[in-house]
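Protein chains in written order, with my numbering: chain A, 472 to 680; chain B, 472 to 680.
One structure is given here, and the rest of the page talks about it.
Protein chains: 2
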Amino acid sequence: MSNRAPAGALFVISAPSGTGKTTVVDRLVERLPNLVRSRSYTSRPRRPGEVDGVDYNFVSRDRFEAMVRAGEFLEWADIFGNLYGTRRQDIEDLLADGHDVVLVIDVQGARQVRERLPGRAVEIFVLPPSYEVLASRLRGRNKDPEEAIARRLATASAEVGAVEEYDYVVVNDELDRCVGEIEAIIAAERARLARRRPQIDPILATFPR
Amino acid sequence: MSNRAPAGALFVISAPSGTGKTTVVDRLVERLPNLVRSRSYTSRPRRPGEVDGVDYNFVSRDRFEAMVRAGEFLEWADIFGNLYGTRRQDIEDLLADGHDVVLVIDVQGARQVRERLPGRAVEIFVLPPSYEVLASRLRGRNKDPEEAIARRLATASAEVGAVEEYDYVVVNDELDRCVGEIEAIIAAERARLARRRPQIDPILATFPR
Chain A
472 MSNRAPAGAL FVISAPSGTG KTTVVDRLVE RLPNLVRSRS YTSRPRRPGE VDGVDYNFVS
532 RDRFEAMVRA GEFLEWADIF GNLYGTRRQD IEDLLADGHD VVLVIDVQGA RQVRERLPGR
592 AVEIFVLPPS YEVLASRLRG RNKDPEEAIA RRLATASAEV GAVEEYDYVV VNDELDRCVG
652 EIEAIIAAER ARLARRRPQI DPILATFPR
Chain B
472 MSNRAPAGAL FVISAPSGTG KTTVVDRLVE RLPNLVRSRS YTSRPRRPGE VDGVDYNFVS
532 RDRFEAMVRA GEFLEWADIF GNLYGTRRQD IEDLLADGHD VVLVIDVQGA RQVRERLPGR
592 AVEIFVLPPS YEVLASRLRG RNKDPEEAIA RRLATASAEV GAVEEYDYVV VNDELDRCVG
652 EIEAIIAAER ARLARRRPQI DPILATFPR
């Protein structure tokens with residue numbers, strides 16, 4: 472981080488499917504003008520209503536695999552046969568422009584970020600209030616067959632153990648409180664000594680030595 | 472920190488004289504019901520209007536020195552011949568009760584806390600917007616002779632270099648923003664993995680293994 476450019480902070484948010492992370496992050500991005508969500512690359516076909524370069528960067532599987540071989544991804548995953556990834560240069564550019572960037576990725580993706588940019592990301596895990604609440608939220612969506620729900624719940628049970636690897640934990644029992652806590656984390660991280668240097672140094676320079 | 476008792480967090484706030492730290496901390500304590508300011512011990516005589524056990528714990532110099540010898544202070548200082556200190560047991564008791572505790576102490580005091588409770592305190596430095604603003608605030612108070620002001624400014628110039636030792640830095644250019652940032656730091660610190668254990672563990676226990 473240079474002393475002159477106020478480089479942004481990188482946030483990783485992980486949560487089991489059904490925890491409400493999409494709503495939480497939509498709210499955050501709405502409320503914090505400087506916070507941007509990175510746009511992922513995917514090899515999966517575009518669904519009706521999705522826009523290339525808005526929802527995802529849609530690329531062919533060949534192109535995605537070439538990007539993997541070229542080491543272009545900060546993290547990527549094969550999810551039931553479709554590839555999803557975050558391009559490292561995209562993130563570096565956003566941070567260099569002074570944006571705070573949020574990556575909404577699973578615990579495997581978070582591990583890759585931790586490995587490739589050690590100590591760089593502030594990691595937040597969002598927990599549902601309980602397994603029972605998670606199960607009833609997933610069933611309440613009414614959009615997945617029971618088999619898919621059972622699979623999501625099994626994945627969630629495996630994922631929540633990874634909470635230990637994160638810096639912060641927020642429980643999504645009440646949306647406003649949950650969003651407020653993550654906003655506080657983002658505000659606090661901006662006040663960290665290293666990130667405040669561009670503001671601090673000119674102030675210190677006004678004091679006689 | 473036990474897994475069962477939600478032990479509070481310890482915050483150290485330092486700022487040069489004239490930065491407005493008293494107002495800032497008054498606001499914080501007003502707004503955050505769980506946050507308490509520790510009551511210091513002092514050997515200086517009680518001034519009119521001060522109440523023992525409220526403003527300070529007033530003790531004789533002999534008693535204070537006996538407490539120093541017994542290692543009772545988390546930090547203490549001789550300020551122009553008067554002794555001031557924070558009793559370690561007072562802080563431990565407040566934290567064990569689940570209170571968040573804020574110590575408003577100078578950079579020397581913060582160093583003692585860092586030495587005696589390594590890694591325990593979250594340290595926040597409050598900076599004025601500039602040396603010039605600090606000087607005019609001190610002169611505007613109109614309560615000190617110019618000689619005392621010059622001495623405060625010299626101390627401030629020496630103290631601001633210690634900003635490097637702190638976790639967070641907040642600039643008091645606008646009171647509400649400054650207080651808001653410290654509130655965010657306190658909220659964020661409560662969401663740290665280690666401090667969330669008492670909330671997290673019962674949630675994790677609801678998930679099948």
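Using N, Cα and C, we set each Cβ at its ideal position, and we do this for glycine too.
Keep in mind the model is a prediction, meaning the values are calculated, not measured.
Would you kindly report the start and end of the unbroken beta strand (DSSP E) that includes B:F482?
481 to 485
Find the residues of chain B that neighbour A:T677, judging by a C-beta separation of less than 8 angstroms, and give them in chain order.
S601, Y602, E603
My guess is that B:N553 and B:T513 are in contact by the Cβ rule of under 8 angstroms, so how many angstroms apart are they, rounded?
6 angstroms
Roughly how many whole angstroms lie between the Cα atoms of A:T557 and B:E652?
31 angstroms
DSSP three-state label for A:V631, please.
helix
Rounded straight-line distance, which links the Cα of B:P669 to that of A:G632
15 angstroms
Establish whether the CB of B:A486 and some CB of chain A are separated by less than 8 angstroms.
no
For A:V593, which residues does DSSP report across the bridge?
A:F482
Quick check on B:R527 - is its C-beta less than 8 angstroms from some C-beta in chain A?
According to the sequence shown, residue 527 of chain B is Tyr rather than Arg. Not an interface residue.
How do the segment 606 to 614 of chain A and the segment 507 to 525 of chain A stand: do at least 3 beta-carbon pairs fall below 8 angstroms, yes or no?
no
Report, in whole angstroms, the separation of the C-beta atoms of A:I656 and B:A662, which I expect to be a contact under 8 angstroms.
6 angstroms
Taking DSSP as the reference, what is the three-state secondary structure of B:A548?
strand
Hey, is A:L598's beta-carbon within less than 8 angstroms of any beta-carbon in chain B?
yes
Are the segment 589 to 598 of chain A and the segment 634 to 642 of chain A in contact at 8 angstroms, needing three or more beta carbon pairs?
yes
Where does the unbroken beta strand (DSSP E) through B:V539 begin, and where does it stop?
That residue, B:V539, is in no beta strand (DSSP E); its alpha helix (DSSP H) goes 532 to 540.
Quick one: is B:E652 near chain A, going by C-beta distance under 8 angstroms?
yes
Residues of the segment 614 to 633 of chain B in Cβ contact with chain A at a cutoff of 8 angstroms, in chain order, please.
A627, S628, V631, G632
Burial state of A:S689, where buried means 16 or more other Cβ atoms lie within 10 Å:
No answer is possible for residue 689 of chain A: it lies beyond the span of chain A, which begins at 472 and ends at 680.
Thinking just about the alpha-carbon of each residue, which of A:D549, A:A659, A:S607, A:L574 is nearest to the one in A:R559?
A:L574
Which residues in chain A sit within 9 angstroms of B:V572, going by Cβ to Cβ distance?
Within 9 angstroms Cβ-Cβ: nothing; B:V572 doesn't reach chain A, min ~18 angstroms.
Can you find the residues in the same chain that come closer than 7 angstroms, C-beta to C-beta, to A:A606, ignoring five residues on each side of it along the sequence?
L624
Go through its chain and collect everything with a Cβ distance to A:V539's Cβ below 7 angstroms, but skip five positions before and after it.
W547
Can you check whether the CB of B:L481 is closer than 8 angstroms to the CB of B:I562?
yes
Is the CB of A:R663 under 8 angstroms away from at least one CB in chain B?
yes
May I ask you to list the residues that DSSP assigns as paired with A:Y413?
Any question about residue 413 of chain A goes unanswered here, given that chain A covers just 472 to 680.
Mapping DSSP to helix, strand and coil, what is A:T677?
coil
Within chain B, the residues that A:A592 reaches when beta carbons sit closer than 8 angstroms
Residues of chain B passing the Cβ test: none, with the nearest at roughly 14 angstroms.
The segment 636 to 660 of chain B: positions lying closer than 7 angstroms to chain A by Cβ
Y637, D638, Y639, V640, V641, V642, E652, A655, I656, A658, A659
Would you list, in sequence order, the uninterrupted alpha helix (DSSP H) runs of no fewer than 4 residues that lie entirely inside the segment 600 to 668 of chain B?
602 to 612, 617 to 630, 646 to 661
Thinking C-beta only, is B:D571 closer than 8 angstroms to B:G479?
yes
What number of angstroms, rounded off, separates the C-alpha of B:G580 from the C-alpha of A:V496?
40 angstroms
Does the beta-carbon distance from A:L545 to A:E654 come in below 8 angstroms?
no
Integer Cβ distance of A:R630 from A:V584, believed to fall under 8 angstroms
Note on residue identity: the sequence assigns Glu, not Arg, to residue 630 of chain A. About 16 angstroms; that fails the 8 angstroms criterion.
Have a look at B:P519, B:G569, B:R515 and flag the residue whose alpha-carbon is nearest the alpha-carbon of B:R534.
B:R515
So for B:D672, helix, strand or coil by DSSP?
helix
Examine chain A for any beta-carbon lying closer than 8 angstroms to the beta-carbon of B:R696, and answer yes or no.
Because residue 696 of chain B is not part of the residues shown, which for chain B are 472 to 680, the question remains open.
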